[in-house]
Amino acid sequence: MNRRALLAVAFLLLPGLGGVKADTPAATTVETSHLRLTFDAGGNLSSAIACFPACTGERVRVQQFASESVIAVEGGGRGAAELSDQRREAHYELRFARPGGVSLTWKIPESGYRLGLEVAGGEALLMRSGEPFRPRPAAGFGNWLEQTRYLAIDGGDVTQTGLDEDESSVAGIRGWLGYRNRYWSLMAQPPAVVDARLATGAEQQGAEVRIDAPADGEWSFYLGPVEPVMLKTADPVLQKVLYAGLWFWLRWISLGLFHLLAAIQQFIPAWGIAIMALSLAVNVLMLPLSRLADRFQQEVNEIEARLAPELQRIKKHFKGEEQAAKIIALYKTERVHPLYSLKSLVGVAVVIPVFIGAFDMLAENIHLLNTGFLWIADLSRPDDLFNLPFRLPFFGAEFNLLPFLMTALSFVASVLHKPLALNAELRHRQVRNMILLALAFFVLFYTFPAGMVLYWTTNNLISVIKSLWARR
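Sequential numbering of the sequence shown, starting at 277, is according to this note's numbering.
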């Protein structure tokens with residue numbers, strides 16, 4: 277029995293690790309509770325598969341990062357490296373000593389997604405994503421979510437770079453650097469300050485990070501899901517990978533909503549119902565602010581109703597500067613500030629940040645991946661009730677039912693919206709604006725994931741119930 281076969285047997289007998297086996301004389305596979313890693317004869321990570329929440333159990337989500345050369349270190353003479361191994365308390369070490377003095381020592385944990393790599397004498401370090409890591413196809417605005425992009429975390433700053441952008445270098449990085457798609461990420465933390473080159477361009481399909489003259493010492497890698505708990509467990513700084521495009525206070529809203537949804541799901545196992553319960557919970561928590569916004573809107577409605585007859589007379593009989601002077605004089609007489617209508621925007625100022633927070637939280641929530649609800653096969657994708665016999669530009673070839681339900685509820689809420697302070701003309705104008713907004717949301721949401729549409733559909737249902745209660 278050769279040395280690699282003995283190594284395979286030893287690992288299979290070790291508790292905690294799934295096992296290590298030599299597929300061929302030139303490849304070594306390591307299986308842990310969360311990862312499936314394959315190393316070539318030179319010690320490069322040639323293939324990597326990550327599982328969430330683990331590689332065994334129910335509803336396992338799996339992502340293959342590449343079929344070859346996920347993490348590679350260039351340098352060393354020709355010929356296979358000499359492999360040695362050592363068992364540690366919570367991880368196992370594989371050391372590949374190449375001809376020419378280059379060595380790679382991998383530290384593989386029994387569980388989790390953070391790997392260690394001690395490099396000595398390498399000429400360049402590369403990280404690549406392959407075809408399995410490419411974004412899933414999506415129509416319309418849904419394509420916004422399905423993208424691969426580079427990230428760099430240096431201090432408190434997070435920068436993102438799209439694969440199709442012109443930016444192709446990151447200078448003086450000591451924090452985490454790597455790439456991600458919607459749900460998975462590969463990030464590296466060097467032992468010293470390094471410069472990196474990013475493969476970008478209009479035709480770029482996969483991510484590639486190249487670091488020339490990599491610093492000797494121990495590198496850290498995170499190879500796993502973009503999930504708050506897992507990222508924080510590996511390194512709290514890695515949580516910045518989440519919602520990286522948002523301002524810090526919007527990130528806090530997204531994280532708060534994630535933990536609120538996770539808490540609800542502990543009592544409501546069905547994720548679809550948990551999302552609906554989240555929408556209800558947010559409405560309850562925001563009730564004091566909503567009442568304040570409604571009061572401001574009522575004040576604006578009363579002012580508009582009071583000024584409407586005189587404003588109509590002025591606009592009918594005067595034009596240009598004279599009309600403007602008459603309107604300003606009316607405001608002074610009625611003791612109304614010219615910008616009084618901005619008070620009605622308080623409601624928008626309350627709703628929009630929470631909407632953005634919920635949007636991003638549901639977009640990046642890996643727990644919804646491959647999770648069904650009612651007729652919806654996957655809450656991370658459009659609900660796709662059935663396929664159309666043709667393909668519509670922008671909208672795709674799938675019929676999605678949820679956006680129609682969401683828009684129908686918006687129309688009902690618009691019809692029920694009849695502020696008593698407004699006259700018929702002003703009420704008609706408000707209803708018209710609400711219907712136009714509902715149509716805009718239909719176009720925006722039609723190709724979005726079902727989990728996000730379900731949240732907003734529930735919100736519209738709550739609005740209808742509130743309007744019916746107010747009419748009562």
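A virtual CB, placed ideally from N, CA and C, is assigned to each residue, including glycine. Keep in mind that this is a model prediction, so the values were computed, not measured.
What did DSSP end up calling Ile449 once you bin it into helix, strand or coil?
-> strand
What residue from Ile429, Phe718, Gln480 and Val719 has the CA that sits closest to Met463's CA?
Ile429
_Span of the alpha helix (DSSP H), counted from its first residue to its last, around Ile590_ = Leu563 to His593
DSSP bridge partner residues for Ala396 (one or two, in chain order)
Ser379
Q: Look at Cys327 and Arg335 and say whether their C-beta atoms are less than 8 Å apart.
A: no
Quick one: what's got a C-beta closer than 8 Å to Ile540's C-beta in the same chain, skipping five residues either side?
Ala550, Ala553, Leu554 and Ala557
Go ahead and label Leu685 buried or exposed: buried means 16 or more other beta carbons lie within 10 angstroms of its beta carbon, across all protein chains shown.
buried
Requested in this report: Enumerate in chain order the residues of its own chain whose CB-to-CB distance from Ala348 is below 7 Å, with the five nearest sequence positions on each side excluded.
Outcome: Asn320 and Leu402
* Asked: Apart from the five residues on each side of it in sequence, which residues of its chain come closer than 6 Å, Cβ to Cβ, to Gly451?
  -> Ile429 and Asp430
- [ ] Note down the Cα distance separating Ile642 from Phe670, rounded to an integer number of angstroms.
- [x] 26 Å
- Query: Hey, would you say Lys562 sits closer than 8 Å to Val630, going by beta carbons?
  - Reply: What sits at residue 562 in the sequence shown is Met, not Lys. Closer than 8 Å, so yes.
inquiry  = Could you tell me the alpha carbon to alpha carbon distance between Lys591 and Gln599, rounded to whole angstroms?
reply    = 7 Å
Under the three-state reduction of DSSP, which class applies to Arg527: helix, strand or coil? helix
*In chain order, what residues of the same chain have a beta carbon less than 8 Å from the beta carbon of Val691, not counting five sequence neighbours either side?*
Val707
**OP:** Using only alpha-carbon positions, find the residue among Arg363, Arg611, Arg364 and Leu380 that is nearest to Arg750.
**Re:** With the chain covering only 277 through 748, there is no way to say anything about residue 750.
Verify whether the separation of the beta carbon atoms of Leu522 and Asp654 is less than 8 Å.
no
Check: Do Gly454 and Arg410 come within 8 Å of each other at the CB atom, strictly closer than that value?
Finding: no
Is Arg708 helix, strand or coil when you go by DSSP?
-> helix
Taking Val502 as the reference, which of Phe717, Ser323 and Gln339 has the closest Cα?
Gln339
Q. From Asp440 to Arg425, what does the alpha carbon distance come to, in whole angstroms?
A. 9 Å
task: Report the option in Glu674, Ser566 and Phe524 whose CA atom is closest to the CA atom of Phe666.
output: Glu674
First and last residue of the beta strand (DSSP E) that includes Ile325? Leu321 to Phe328
With 16 other CB atoms within 10 Å as the buried threshold, where does Thr305 fall?
buried
message = Taking the beta carbon of Thr300 as the centre, do at least 16 other beta carbons fall within 10 Å, making it buried, or is it exposed?
response = Interpretation of Thr300 is limited by its pLDDT of 48, a score under 50 that renders its predicted location unreliable; the figure taken from the coordinates is listed afterwards. Exposed: under 16 other Cβ atoms inside 10 Å.
Host beta strand (DSSP E) of Arg337 (start-end): Arg337 to Ala342
Those runs of the beta strand (DSSP E) which lie wholly inside the segment 602-669 and span at least 3 residues: 662-668
Flag this pair as touching only if the segment 410-419 and the segment 510-526 have three or more C-beta atom pairs under 8 Å; answer yes or no. no
query: Where does Pro385 fall in DSSP's three states?
result: strand
Helix, strand or coil: which one does DSSP assign to Ser690? helix
Where does Leu439 sit, in a helix, a strand or coil, going by DSSP? coil
_Thr437 and Leu474 - do their beta-carbons sit closer together than 8 Å?_
yes
Pick from Leu715, Ser345, Leu661 and Trp382 that is closest to Glu407, judged by C-alpha positions | Ser345
Next item on the list: For the alpha helix (DSSP H) containing Tyr459, list its first residue and its last residue.
Entry: Neither: Tyr459 is in no alpha helix (DSSP H) and is coded neither H nor E.
### Task
Quick one: give me the first and last residue of the beta strand (DSSP E) that Leu498 is part of.
As written in the sequence, residue 498 is Tyr, which differs from the Leu given in the question. First-last of the beta strand (DSSP E) with Tyr498: Gly493 to Pro501.
Next item on the list: Could you spell out the range, first to last residue, of the alpha helix (DSSP H) harbouring Val729?
Entry: Ala726 to Arg747
* To do: Kindly list the residues whose CB is nearer than 7 Å to the CB of Trp732, restricted to its own chain and excluding five residues on each side of it in sequence; keep chain order.
  => Met682 and Phe721
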